[in-house]
Every structure is written in C-alpha cells, then in structure tokens.
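At position 51 of the sequence shown (counting the first as 1) the number is 50 in numbering that gives the first Met the number 0, and the numbers step up by one without a gap. Report on the structure given below.
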Amino acid sequence: MEYILSSTAQEAPTSECIFCDMQSAGDDRSRLLVYRGERTMAVLNKFPYNNGHLLVMPKAHVSHYNGLDEATFAELHQLLHKATNVLEESMRCHGMNIGLNYGQVAGAGIPGHMHYHLVPRWNGDTNFMAVTGMSKVISQHLLDTYDQLKPLFA
Ligand SMILES: [Zn+2]
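Next up, the structure:
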C-alpha cells in the first residue's frame, strides 16, 4: 500500500537506466542502494521475490561479461561472495537462488545493465499464498531490510 500511495510509484523513469541513475549523489536508502564498492554495487530489489532479494552488479553500464574489465569482473564476484555471507548472517536463510538473466531473451528486465539476483530461501517459504493466490507475502518492509543489511556490507 505504501508503494501504491507513494509519489515515486507514479514517477516516470528519468533516463534509460535506473541502475546508472541511482549512482548519482543522493539518498542511497530511498534508492535501496545498500552498498557502493569501487566498481560494483548492491541494491535491494524494489519488487522482491522474497525477503532480502538483492541485486549485485557492476557500476558501469555493461550488458555482457565481455564488457567487463578484469578488475571489475573480480570485484563483482568478490561482492557476490560478500553478499551471500551478508544474507546468510543477517537473514539466517537456509539457501539461496543466485542467477543472472543474461540478455532479454533470458528474461532480463534491464538487459543493458547486467545484474545478479540473490534470492534468500527458507524451508517452507513457498506456501498456499504463492500456489493458490498467485501472490507472494514479503514479511519485512524494504527499508527495514535495508537497515538490517547496510551495516553488514560496511
Ligand atoms: Zn546502466
């Protein structure tokens, strides 16, 4: 409900890429930008599949691995490792889905800016709501999740 009533829900996108836009100076918390590295960053998904759903990506607007230099590739995978530790420590999840929708044909929502999805999983997290109601219950407010994860990335 908060999302529906908020003004940002009706805002039109200001440029081609939200991941590039959110890197400008401003309020990282309201953008859900939970970690800024030198070449990479981590963002909470505004439309989470599950509590703690993180996106890990290069800062550069790059669609494919071959657009990454070696240092960015290395930092990206170090951050992926760190993010799994943060989620396990903070959310006490039992497992995780980690994936990359590589290209539009593979389902990438923002195909021009590659990003890994990290979706924490708990035993029994798929229940009748998802199966019969086609709805997913997210048990924690996004900004509470942000506040929980932010210090662990520092
Ligand atoms: Zn971009």
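Built from N, CA and C at the ideal position, the CB exists for glycine as well.
- Of the residues His114, Ser138 and Gly106, the one whose Cα lies closest to the Cα of tryptophan 121 is Ser138.
- Residue side-chain check: histidine 112 places its Cβ nearer than 7 Å to a non-hydrogen atom of ligand 1.
- In the DSSP assignment, histidine 116 falls within the beta strand (DSSP E) that extends over 115–120.
- With a cut-off of 7 Å, the C-beta of histidine 60 is classified as near ligand 1, since at least one heavy atom of the ligand falls inside that distance.
- Relative to ligand 1, cysteine 92 has its C-beta separated by 7 Å or more from all heavy atoms.
- Under the 8 Å Cβ criterion, the region 102–109 does not count as touching the region 20–29, having fewer than three qualifying pairs.
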